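In terms of our numbering, the sequence shown opens at residue 5 and continues consecutively.
Beta carbons are placed, not taken as given, at the ideal position from N, Cα and C, and that holds for glycine.
From a predicted model like this one, the values you see are computed outputs, not experimental measurements.
Some notes on the structure that comes next.
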Amino acid sequence: MNSLDRYAVFGSPIKHSKSPRIHQLFAEQTEQVLQYTAELVDAEQFEVAVSHFFSNGGRGLNCTVPLKELAWQYAPHKTERAQLAKAVNTLIMQVDGSLLGDNTDGIGLVTDLMLNHHICLKHKKILILGAGGATRGIILPLQEQMPLSVTVANRTVAKAVSIANEFKHKGLVTGCGYSDLAGQRFDLILNATSASLTGELPPLADTLLAEQGSCYDLAYANEPTAFVRWGQSQHAIHSLDGLGMLVEQAAEAFYLWRGVRPDTKAVIQTLATERQ
Ligand code: NDP
Numbered sequence: 005m006n007s008l009d010r011y012a013v014f015g016s017p018i019k020h021s022k023s024p025r026i027h028q029l030f031a032e033q034t035e036q037v038l039q040y041t042a043e044l045v046d047a048e049q050f051e052v053a054v055s056h057f058f059s060n061g062g063r064g065l066n067c068t069v070p071l072k073e074l075a076w077q078y079a080p081h082k083t084e085r086a087q088l089a090k091a092v093n094t095l096i097m098q099v100d101g102s103l104l105g106d107n108t109d110g111i112g113l114v115t116d117l118m119l120n121h122h123i124c125l126k127h128k129k130i131l132i133l134g135a136g137g138a139t140r141g142i143i144l145p146l147q148e149q150m151p152l153s154v155t156v157a158n159r160t161v162a163k164a165v166s167i168a169n170e171f172k173h174k175g176l177v178t179g180c181g182y183s184d185l186a187g188q189r190f191d192l193i194l195n196a197t198s199a200s201l202t203g204e205l206p207p208l209a210d211t212l213l214a215e216q217g218s219c220y221d222l223a224y225a226n227e228p229t230a231f232v233r234w235g236q237s238q239h240a241i242h243s244l245d246g247l248g249m250l251v252e253q254a255a256e257a258f259y260l261w262r263g264v265r266p267d268t269k270a271v272i273q274t275l276a277t278e279r280q
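Structural data, given as C-alpha cells:
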C-alpha cells in the first residue's frame, strides 16, 4: 500500500481539473509530503468509490460536479455552512475515524473578493445570477460579511425564491427572475450560472451595475468569459473570473486536512501564467 498521505478529487468529467496541480503547488510550498490525484467517478459509483478510498488510507477528498449533493448525503457530520448549502465539496477524515463534510466554495469566493481584490462587501448590494449548487455554497459566507442585501436571480424563478427562503434567517435575501431586476442597481454582480461554460450570458440589462461596481464570474477559462467581457463593457472596477476562488477554496480544504495555510497569491499567479 502507498505510504504517502492520500488525497483526491472525484467528479465526472475530471480530466480538466486543476485541483491536482493546485495541491501539488501547495504541498511543495509548505513542504508537505502527500499525493493528490483526480479520479473519474460518476454518481452511480460514488458511494463505493468513497468507501474504498477511505478504507485504503485516504485522508481527505474533494467532490465536484455532479457529486457535491451526494457527498452531502453521505457525510455523517457537516459544518453549518455545508449543512445549509446542501452540498459538500470537501470530506475530512477526523481523528476518531468519522467523516466531516464541509463546503469551502463560499469562503474561497469571499477570500478572493476581499483579500486578493480588496472588494468590500459590507453594506453593499449583491446580485447572484443562478440558483444552483454554487449559489447555495456562497450565500451564507456572503451574508456573514454583512452586505446591505443579497438578491438571487434565476431563469427558473421558483428555485431562486426557494433558496432565498432557506437562507433568509441569516440575512436579507430575496429571490426573483431576471425581469424583476429592472430599475435596480448592484455594487457586486456574481455570475453563478453555468452559462459561461457554453459561452452564453444570462439576460442582463445595461443598467444593473452601480457606478464603481464589480463583476465576478465563478466560472474560469483560458479566455475571458462572456460574463467577464460583459462586466468590462459595463465599466466595472473589477471584472474577474473564478480562478482565484478555485485556488482559495482548495487552500481552505488543504488547511482543514493539513493544518497549514498555503500562500495562495503565489499559486494563483503560477496558474494564471500557465493558462496564457
Ligand atoms: P448548477 O448546474 O447547479 O446550476 C446552474 C445554474 O445556471 C442554474 O441556476 C441554471 O438555471 C443556470 N443557467 C444555466 N445556463 C443558463 C443560461 N444560459 N442562462 C441563464 N441561466 C443559466 O451549477 P453550479 O451551481 O454547480 O455551478 C455554476 C457555475 O459555478 C459553473 O460555471 C461552475 O464551474 C462554477 N463554480 C466555480 C467554482 C470555483 O471554485 N471557481 C466552484 C463551484 C462552481 P436554471 O435553474 O433555470 O436551470
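Bounding residues of the alpha helix (DSSP H) (the contiguous stretch that carries residue i)
i	result
L259	Before going further, note that residue 259 is Tyr rather than Leu in the sequence given. Element bounds for Y259: L247 to R262.
Q2	Outside the shown range of the chain, which is 5 to 280, sits residue 2, and nothing can be said about it.
Q147	G137 to Q147
S59	F50 to S59
Check: residue i C-beta below 7 Å from any heavy atom of ligand 1
i	result
L146	no
A199	yes
G137	yes
A47	no
P206	yes
D184	no
Q253	yes
Y220	no
A196	yes
A223	yes
V69	yes
L250	yes
R159	yes
D106	no
G112	yes
K163	yes
D267	no
Q134	Reading the sequence as shown, one finds Gly at residue 134 and not Gln. True, at least one ligand heavy atom lies under 7 Å from that Cβ.
Cα-Cα separation between residue i and residue j, rounded to whole angstroms
i	j	result
Y220	L113	9 Å
Y11	V54	11 Å
G179	F50	32 Å
L176	L104	29 Å
L131	T34	36 Å
M5	S59	Since pLDDT at M5 reaches only 46, below the 50 mark, its modelled position is unreliable, and the value read off the structure follows with that caveat. M5 and S59: Cα-Cα distance of roughly 12 Å.
V99	A254	21 Å
L208	R159	11 Å
G248	A91	20 Å
P24	I272	14 Å
K128	L8	45 Å
N169	E32	43 Å
N120	N107	20 Å
F231	L194	9 Å
D210	Q238	7 Å
Q149	F190	16 Å
V154	D184	14 Å
L95	E252	16 Å
I123	G134	21 Å
R265	K19	26 Å
L125	L146	8 Å
Q39	A186	50 Å
D245	A223	6 Å
L192	Q77	32 Å
R262	G15	22 Å
As assigned by DSSP and simplified to three states, the class of residue i
i	result
E32	helix
A162	helix
R279	coil
D100	coil
D109	helix
Q114	Looking at the sequence itself, residue 114 is Val, so the reference to Gln does not match. Three-state DSSP puts V114 in a helix.
R265	coil
R10	strand
H127	coil
M5	At M5, the pLDDT of 46 sits below 50, so the modelled position is not reliable; the number obtained from the coordinates is stated separately. Here M5 sits in coil by DSSP.
Y220	strand
N226	coil
S198	coil
H27	helix
H242	coil
S168	The displayed chain sequence assigns Ala, not Ser, to residue 168. Correct three-state label for A168: helix.
L213	strand
Host beta strand (DSSP E) of residue i (start-end)
i	result
A91	Where A91 is concerned, there is no enclosing beta strand (DSSP E), given that its DSSP letter is neither H nor E.
Y78	No beta strand (DSSP E) holds Y78; the alpha helix (DSSP H) holding it covers K72 to Y78.
Q39	L38 to L44
V156	S153 to A157
D191	F190 to N195
P178	According to the sequence provided, residue 178 is Thr. The question's Pro does not apply to it. Segment V177 to C180, the beta strand (DSSP E) holding T178.
Would you check if the stretch 132–150 and the stretch 158–167 touch, i.e. whether three or more CB-CB distances between them fall below 8 Å?
yes
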